[in-house]
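2 protein chains.
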Amino acid sequence: MSAKFPDLNLDKQLCFSLYAASRQVTRLYQPLLKRHDLTYPQYIVLLILWQTDGLMVKDIGHQSQLKSNTLTPLLKRLEQNGLVSRRRAKDDERQCYIFLTDKGKALESECACIPMEMLGQTDMSVDKLMQLKTLLDEFLQLQENHGG
Amino acid sequence: MSAKFPDLNLDKQLCFSLYAASRQVTRLYQPLLKRHDLTYPQYIVLLILWQTDGLMVKDIGHQSQLKSNTLTPLLKRLEQNGLVSRRRAKDDERQCYIFLTDKGKALESECACIPMEMLGQTDMSVDKLMQLKTLLDEFLQLQENHGG
DNA sequence: ACCATTTAAATCGCACACGATTAAATCTAG
DNA sequence: CTAGATTTAATCGTGTGCGATTTAAATGGT
Numbered sequence: 001m002s003a004k005f006p007d008l009n010l011d012k013q014l015c016f017s018l019y020a021a022s023r024q025v026t027r028l029y030q031p032l033l034k035r036h037d038l039t040y041p042q043y044i045v046l047l048i049l050w051q052t053d054g055l056m057v058k059d060i061g062h063q064s065q066l067k068s069n070t071l072t073p074l075l076k077r078l079e080q081n082g083l084v085s086r087r088r089a090k091d092d093e094r095q096c097y098i099f100l101t102d103k104g105k106a107l108e109s110e111c112a113c114i115p116m117e118m119l120g121q122t123d124m125s126v127d128k129l130m131q132l133k134t135l136l137d138e139f140l141q142l143q144e145n146h147g148g
Numbered sequence: 001m002s003a004k005f006p007d008l009n010l011d012k013q014l015c016f017s018l019y020a021a022s023r024q025v026t027r028l029y030q031p032l033l034k035r036h037d038l039t040y041p042q043y044i045v046l047l048i049l050w051q052t053d054g055l056m057v058k059d060i061g062h063q064s065q066l067k068s069n070t071l072t073p074l075l076k077r078l079e080q081n082g083l084v085s086r087r088r089a090k091d092d093e094r095q096c097y098i099f100l101t102d103k104g105k106a107l108e109s110e111c112a113c114i115p116m117e118m119l120g121q122t123d124m125s126v127d128k129l130m131q132l133k134t135l136l137d138e139f140l141q142l143q144e145n146h147g148g
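For the protein sequence lines, the chains are A and B, in the order given.
The first sequence maps to residues 1 to 148 in UniProt numbering.
The second sequence maps to residues 1 to 148 in UniProt numbering.
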């Protein structure tokens, strides 16, 4: 069966590996994040805000590559959990600025152990992990020019 | 601001790169798959079935790392679109076997150009793409032993 | 000043993902 | 032979992702 189109398998399998690896990482994070009542995408958004507080939805979208249709409900959940507050800019009512609350700021140090715990769950060398990141970023960079 | 926990940034950013790259690939596939009325996960499942027809839901789950809560509705959609048929095993009514229809089989050759088109959209060298796949697979392998 | 265009966020609809549970069939120990 | 454990899919609820549209506000050219 199959192997009718053998030349094309490389590509198929790279994309599948990427897809599977990404979900695997999300699954690894889940137990660590659940302690703080966070999902993985919520954690991503918080990482961005911990780096720079008071961003617009647009800025968070640019950094996370997520659009408002994903971010708006996600940010509302973070707001409901008391981690961020949403404020309209006075000079431009279209813009919605996101600020960390005290609770949201405090969560940063509570989550400080997560990356270390994640590294502990991987038997891969730091060297190879860095290689992986470099290749992924190169891929992302090339695509950015392409797709817009 | 931030950089309170600088040692931990490597990890955070690797996971973010993985997350972003995976979604980027899905977005790249979408226009190509839409022509055939497929989503990316549906395409993944079809790739598995094109390799080996007549698998149980469990087998597809093992290869795709997806559980029945994702696969059952996905396979029902493929069935509705006339690409697969679902049959219970006579000797064990619990098992549900998935078979490609003629239309489902015919779709394989129609999709044969997709991997090449995908490669065309990436300016990354085949060498680096292979490296990337190798690292991702190594990561997945290590995790398989870990998590179950 | 006026209206078309642009921009930012929100809304809508659909299809994943996945933890948790359920249901039904099969297996197994006693 | 049968009660309980196991296996397999299906179901349920929540939270993404994302294309498409909508709403509201600001901008820009006339």
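All residues carry an ideal CB built from backbone N, CA and C; glycine is no exception.
Quick caveat, the model's predicted, so the values are computed rather than measured.
Starting from B:Leu100, trace the beta strand (DSSP E) in both directions and tell me its first and last residue.
If you number the second sequence from 1, residue 100 of chain B lands on position 100. Element bounds for B:Leu100: 96-100.
Mapping DSSP to helix, strand and coil, what is A:Leu55?
Here residue 55 of chain A corresponds to residue number 55 of the first sequence, with the count starting at 1. Reduced to three states, the DSSP call for A:Leu55 is strand.
Would B:Leu18 pass as a contact of A:Leu136 if the rule is Cβ separation under 8 Å?
Here residue 18 of chain B refers to the residue found at position 18 when the second sequence is read from its first residue. Here residue 136 of chain A refers to the residue found at position 136 when the first sequence is read from its first residue. A contact, by the Cβ cut-off of 8 Å.
Does B:Lys133 get closer than 8 Å to chain A when you measure Cβ to Cβ?
For the purposes of this step, residue 133 of chain B is taken as the residue at position 133 of the second sequence. With 8 Å as the cut-off, B:Lys133 counts as an interface residue toward chain A.
Boundaries of the alpha helix (DSSP H) in which A:Ser68 is found, first to last residue:
In the first sequence, counting from the first residue as 1, residue 68 of chain A sits at position 68. From DSSP, the alpha helix (DSSP H) with A:Ser68 extends over 68-80.
CA-CA distance, A:Met116 and A:Pro73?
Translated into the one-based positions of the first sequence, residue 116 of chain A becomes position 116. Translated into the one-based positions of the first sequence, residue 73 of chain A becomes position 73. If I take the Cα positions, the gap works out to 29 Å.
With 16 other Cβ atoms within 10 Å as the buried cut-off, status of A:Lys133
One-based indexing of the first sequence puts residue 133 of chain A at position 133. With 16 or more other Cβ atoms within 10 Å, it is buried.
So A:Leu119 is in the alpha helix (DSSP H); what residue range does that whole segment cover?
The residue given as residue 119 of chain A occupies position 119 in the first sequence. Element bounds for A:Leu119: 114-121.
Cβ shell of B:Glu108 (< 6 Å), same chain only, five flanking positions each side left out:
As a first step, residue 108 of chain B is located in the second sequence; it is residue number 108 there, counting from the start. Answer for B:Glu108: Trp50, listed in chain order.
Tell me whether A:Pro6 is buried or exposed, calling it buried when 16 or more other Cβ atoms sit within 10 Å of its Cβ.
Walking along the first sequence from the start, residue 6 of chain A turns up at place 6. Confidence at A:Pro6 is low in this model, with a pLDDT of 45, below 50, so its placement is unreliable and no value can be given for it.
Identify which residue in B:Cys15, B:Phe16, B:His36 has its Cα closest to the Cα of B:Cys113.
Residue mapping note: residue 113 of chain B aligns to position 113 of the second sequence, counting from 1. Here the closest residue by C-alpha is B:His36.
For a contact meaning CB atoms closer than 7 Å, what does B:Met124 contact in chain A?
Indexing the second sequence from 1 puts residue 124 of chain B at position 124. Here the neighbours are Glu138, Phe139, Leu142.
Is the beta carbon of A:Gln95 closer than 8 Å to that of A:Arg86?
Working through the first sequence from its first residue, we reach residue 86 of chain A at position 86. Working through the first sequence from its first residue, we reach residue 95 of chain A at position 95. No, these two residues do not count as a Cβ contact at 8 Å.
C-beta atoms of A:Met124 and B:Leu75 nearer than 8 Å
Translated into the one-based positions of the first sequence, residue 124 of chain A becomes position 124. Translated into the one-based positions of the second sequence, residue 75 of chain B becomes position 75. Cβ atoms of A:Met124 and B:Leu75: not closer than 8 Å.
So the candidates are A:Leu47, A:Met56, A:Pro31, A:Ser22; which of them puts its Cα closest to the Cα of A:Asp92?
The residue given as residue 92 of chain A occupies position 92 in the first sequence. Comparing Cα-Cα distances from A:Asp92 to each of A:Leu47, A:Met56, A:Pro31, A:Ser22, the minimum goes to A:Met56.
Beta-bridge pairing of A:Ser85 - partner residues as DSSP gives them:
Walking along the first sequence from the start, residue 85 of chain A turns up at place 85. DSSP output for A:Ser85 lists A:Phe99 as bridge partner(s).
In three-state DSSP terms, what is A:Glu93?
Here the question's residue 93 of chain A lines up with position 93 in the first sequence. In the three-state DSSP reduction, A:Glu93 falls in the coil class, being neither helix nor strand.
Reduced DSSP secondary structure (H/G/I, E/B, other) of A:Ser125
Working through the first sequence from its first residue, we reach residue 125 of chain A at position 125. Here A:Ser125 sits in coil by DSSP.
With 16 other Cβ atoms within 10 Å as the buried cut-off, status of A:Gln24:
Here the question's residue 24 of chain A lines up with position 24 in the first sequence. Buried, because 16 or more other Cβ atoms sit within 10 Å of the Cβ of A:Gln24.
Could you pull out every residue in the same chain whose Cβ sits closer than 8 Å to the Cβ of A:Lys4, ignoring the five residues on either side in sequence?
Mapped onto the first sequence, residue 4 of chain A falls at position 4. Low confidence applies to A:Lys4: its pLDDT is 49, below 50, so where it sits in the model is not reliable, and the reading given next is rough at best. There are no such residues.
Member of B:Lys128, B:Leu14, B:Gln121, B:Leu38 whose CA lies at the smallest distance from the CA of B:Val84
To locate residue 84 of chain B, count along the second sequence from 1; it is residue 84. Looking at the Cα atoms, B:Leu38 is the closest of the given residues.
8 Å is my cut-off, CB to CB: does B:Ile44 come that close to chain A?
Here residue 44 of chain B is taken as the residue at index 44 of the second sequence, counted from 1. Chain A, which has a Cβ nearer than 8 Å to the Cβ of B:Ile44, makes this yes.
Taking CB distances under 8 Å as the criterion, tell me whether A:Ala20 reaches chain B.
Here the question's residue 20 of chain A lines up with position 20 in the first sequence. Closer than 8 Å: yes.
When Cβ atoms are compared, which residues of the segment 76-107 of chain B fall closer than 8 Å to chain A?
The residues in question: there are none.
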